[in-house]
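First the structure, in the form of structure tokens, and then the observations on it.
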């Protein structure tokens with residue numbers, strides 16, 4: 001089940017660091033005086049004159065073509081109602097974040113302090129030169145209808161009110177697939193729509209465009225069924241007046257084939273669902289509480305096809321499946337509008353994608369072995385990397401076919417490659433890891449629980465269903481930190497190895513440890529003494545089956561925290577050297593660095609083993625490792641111990657693993673620059689796609705490299721991930737952030753699932 005977000009956590013997230021969720025960053029060089037004279041005066045005059053001569057050049061020389069305005073007046077914010085433009089701004093920033101991470105579209109959020117339709121339309125209209133598209137958001141009905149209709153007529157850039165059309169497009173795709181599964185035709189089914197706001201009206205009209213019959217609809221609002229004897233109906237509701245003698249939702253549900261819920265939670269009962277026709281389709285999309293919960297609906301009708309707006313059950317109708325990719329396609333052909341043909345193209349693209357074989361990346365994210373088109377999978381998952389390269393081209397093609405594209409695409413293969421490069425196909429790896437962990441959470445020991453960041457991370461992983469935390473440390477100290485910081489860690493075990501209550505475990509663990517180390521200089525007294533230290537106690541909990549993984553090291557030196565893991569857990573069978581790997585989350589996709597934490601100056605054979613361990617770890621994330629053994633030399637161009645060591649390791653690896661994509665020794669920049677590589681070293685195994693995994697000659701090189709990339713380039717990092725241990729023990733770097741701790745817990749849980 002989805003966990004409730006604490007108010008304190010939400011406020012801290014939005015306020016920490018730079019307040020808000022989006023920023024503007026330069027896209028051109030600006031470090032020299034020449035750069036600045038080109039960026040501004042006098043160089044900027046040239047693109048200004050070019051645009052004045054040909055206004056279409058604004059797309060060539062400015063950001064307009066990739067810039068969307070997310071505009072609201074705060075009159076219908078989420079389920080919060082009319083809370084005003086300032087209060088709605090966090091939502092608009094969040095929308096901008098989704099545009100960026102899913103489709104690489106830049107956003108300015110604009111909050112207008114007006115409820116006057118004329119004033120709103122006039123303001124947006126005079127902003128048109130700035131933007132390539134307009135996403136209207138959180139505007140109450142009926143004003144939202146008039147605003148969108150007028151702007152679509154008066155602007156020459158794509159405009160969409162996502163509250164209306166987003167849910168319509170996603171649910172329509174789901175409906176088409178659900179009907180296909182049960183063998184019913186859209187023209188024949190009886191549809192009950194509960195809710196008569198912007199989204200409900202738009203959904204119904206789109207279903208009609210797909211073939212549904214208006215006479216087969218029964219629409220209900222807060223006053224009951226929309227009937228011809230109602231005197232309070234506007235023209236939009238009047239389109240859905242039913243001729244049937246019905247008064248209530250309960251009456252309307254009898255014999256219905258489809259229920260569409262766009263109203264409020266818990267208004268549909270199990271008896272209502274039972275009264276529906278055979279193979280009923282129920283889309284209960286009120287958020288966060290559906291009209292009827294997924295478990296209740298499934299219990300009532302085993303033959304049901306059920307969808308909600310929630311992520312913790314199958315068939316989530318989520319607007320993020322639509323708007324980023326619809327605008328991406330519209331922007332890329334410079335569409336003058338988002339018309340019905342483009343919306344229908346998005347519907348069909350989403351419906352078709354759900355029928356295709358699901359990538360391992362998506363199965364991994366949801367803890368499934370093989371997601372397959374059927375009653376529990378009628379719509380793609382938001383993490384599916386194919387959405388961008390499927391929906392955007394379909395929308396672009398529809399814009400071209402319907403005559404609204406000013407810049408048609410000619411090379412579709414090149415366009416698909418361009419889309420894939422925008423975000424990096426595997427750049428969702430952190431979300432995938434978290435979702436995989438949530439599918440089967442494990443018991444994770446936090447050995448440094450007398451630290452506020454650790455406690456916050458423990459609460460987050462508990463609240464999000466990533467892991468079951470076990471806290472080690474002085475109980476009174478930990479409870480004081482929990483109380484002082486208003487944390488919610490009720491019912492989480494807190495163990496102090498030095499407390500009398502743990503004497504039984506101490507005795508058990510010391511005996512186990514003594515058996516392991518008695519021929520390595522440890523006597524029984526020393527074994528018991530070690531067990532009072534949290535790092536030893538924590539790893540012994542894992543070894544004895546009292547827990548599944550350990551997270552340690554935030555406040556201690558790395559060697560002091562890795563030693564207990566090696567002594568107690570030990571290495572996997574056949575492994576001679578453990579290694580440490582970092583995942584760096586970059587725009588080109590994840591990069592894997594190894595060994596970053598353990599081996600100071602590995603030998604040739606140790607480099608070979610480190611590479612093999614790293615390759616296996618990368619493959620566990622369903623990513624094909626493309627490995628470069630880096631140095632200061634390229635394929636023997638310079639002499640020296642490090643270069644020769646890496647060269648010899650490559651020879652061994654290529655002989656042992658001919659299928660492995662591994663090459664070197666090679667300079668780091670050349671491992672990524674495939675054009676330069678093709679020109680100078682066309683024989684290289686990395687010449688086609690470049691490297692995603694780097695193996696370093698020594699600890700200094702690797703440590704410097706990943707720290708430079710995280711601090712100067714601002715890349716997020718996950719790690720260090722210890723490779724080669726029998727059970728998951730991960731040692732944090734000093735000063736790791738709360739987010740980094742959570743990521744490491746997720747990695748540990750996923751590893752425990754595998755082991």
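Numbering (UniProt numbering), first residue to last: 1 to 755.
Just so you know, even glycine gets a beta-carbon here, dropped at the ideal spot from N, CA and C.
{"Check": "Taking Cβ positions, are residue 608 and residue 649 nearer each other than 8 angstroms?", "Outcome": "yes"}
{"Check": "What residue does the alpha helix (DSSP H) around residue 779 start on, and which one ends it?", "Outcome": "The structure shown does not extend to residue 779, since the chain is modelled only from 1 to 755, so the question has no answer here."}
{"Check": "How many angstroms separate the CA atom of residue 365 from the CA atom of residue 486?", "Outcome": "32 angstroms"}
{"Check": "Check residue 18 in the structure and name its three-state DSSP category.", "Outcome": "coil"}
{"Check": "Examine the Cβ distances between the region 449-457 and the region 477-493 and report whether three or more of them are shorter than 8 angstroms.", "Outcome": "yes"}
{"Check": "Using a Cβ-Cβ cut-off of 6 angstroms (strictly less than) and excluding sequence neighbours within five positions of residue 67, which residues of its own chain qualify?", "Outcome": "106, 131 and 132"}
{"Check": "With 16 other CB atoms within 10 Å as the buried threshold, where does residue 19 fall?", "Outcome": "exposed"}
{"Check": "DSSP state of residue 43, grouped into three classes?", "Outcome": "coil"}
{"Check": "Closer than 8 angstroms is the cut-off here; do at least three beta carbon pairs connect the region 616-634 with the region 664-681?", "Outcome": "yes"}
{"Check": "Which stretch, first to last residue, makes up the beta strand (DSSP E) that contains residue 583?", "Outcome": "579-586"}
{"Check": "What beta strand (DSSP E) runs, 3 residues minimum, are completely inside the UniProt domain \"Malic enzyme N-terminal\" (19-152)?", "Outcome": "67-72, 106-111 and 133-136"}
{"Check": "Looking only at its own chain, which residues have a Cβ that is under 8 angstroms from the Cβ of residue 150, when we skip the five neighbours before and after it?", "Outcome": "117 and 121"}
{"Check": "On the criterion of 16 or more Cβ atoms from any shown chain inside 10 Å, does residue 164 qualify as buried, or is it exposed?", "Outcome": "buried"}
{"Check": "Within the 8 angstroms Cβ cut-off, does residue 41 reach chain B?", "Outcome": "Included in the structure is just one protein chain, with no chain B present."}
{"Check": "Below 8 angstroms on the Cβ atoms is my contact criterion, and I expect residue 472 with residue 534 to pass it. Report the Cβ-Cβ distance as a whole number of Å.", "Outcome": "4 angstroms"}
{"Check": "Do you know how far the Cα of residue 503 is from the Cα of residue 536?", "Outcome": "15 angstroms"}
{"Check": "Measuring CB atoms only, is the region 375-386 touching the region 189-204, in the sense that at least three cross pairs come out at less than 8 angstroms?", "Outcome": "no"}
{"Check": "Taking C-alpha atoms, which residue in 160, 112, 506 and 143 lies nearest to residue 525?", "Outcome": "506"}
{"Check": "Tell me whether the beta-carbon of residue 614 lies closer than 8 angstroms to the beta-carbon of residue 723.", "Outcome": "yes"}
{"Check": "On a Cα-Cα basis, can you pick out the residue from 755, 477, 451 and 697 that is closest to residue 572?", "Outcome": "755"}
{"Check": "Can you list, in chain order, the residues of its chain whose CB lies under 6 angstroms from that of residue 35, leaving out five sequence neighbours each side?", "Outcome": "29"}
{"Check": "Figure out for me which residue from 50, 559, 258 and 625 has the closest Cα to the Cα of residue 303.", "Outcome": "258"}
{"Check": "Hey, could you find the ends of the alpha helix (DSSP H) residue 738 is sitting in?", "Outcome": "738-754"}
{"Check": "From this set, 144, 177, 252 and 645, which residue's C-alpha is nearest residue 192's C-alpha?", "Outcome": "252"}
{"Check": "Please report the distance separating the alpha-carbon of residue 331 from that of residue 172.", "Outcome": "23 angstroms"}
{"Check": "How many angstroms separate the CA atom of residue 100 from the CA atom of residue 23?", "Outcome": "11 angstroms"}
{"Check": "What separation, rounded to the nearest whole angstrom, lies between the Cα atoms of residue 519 and residue 750?", "Outcome": "34 angstroms"}
{"Check": "Given a threshold of 16 other Cβ atoms within 10 Å of its Cβ, counted over all protein chains shown, does residue 261 qualify as buried or as exposed?", "Outcome": "buried"}
{"Check": "Quick check on residue 126: buried or exposed, where buried means 16 or more other Cβ atoms within 10 Å of its Cβ?", "Outcome": "exposed"}
{"Check": "Count the other CB atoms, across all protein chains shown, that sit within 10 Å of the CB of residue 17; report buried if there are 16 or more and exposed otherwise.", "Outcome": "exposed"}
{"Check": "Taking only runs of the beta strand (DSSP E) that begin and end inside the region 399-459, which ones reach a length of at least 3 residues, in chain order?", "Outcome": "442-446"}
{"Check": "Which same chain residues, not among the five before or five after residue 677, have their C-beta less than 7 angstroms away from its C-beta?", "Outcome": "670, 684, 686 and 687"}
{"Check": "Less than 8 angstroms between C-beta atoms, sequence neighbours within five positions excluded: which residues of the same chain meet that for residue 11?", "Outcome": "none"}
{"Check": "So is residue 2 buried or exposed if we call it buried at 16+ other beta carbons inside 10 Å?", "Outcome": "Note that residue 2 scores 48 on pLDDT, short of 50, meaning its location in the model is unreliable and no value can be drawn from it."}
{"Check": "Quick check on DSSP: helix, strand or coil for residue 681?", "Outcome": "coil"}
{"Check": "On the premise that residue 729 lies in contact with residue 492, defined as a C-beta separation below 8 angstroms, what is that separation, rounded to the nearest angstrom?", "Outcome": "The Cβ separation is near 20 angstroms, so there is no contact."}
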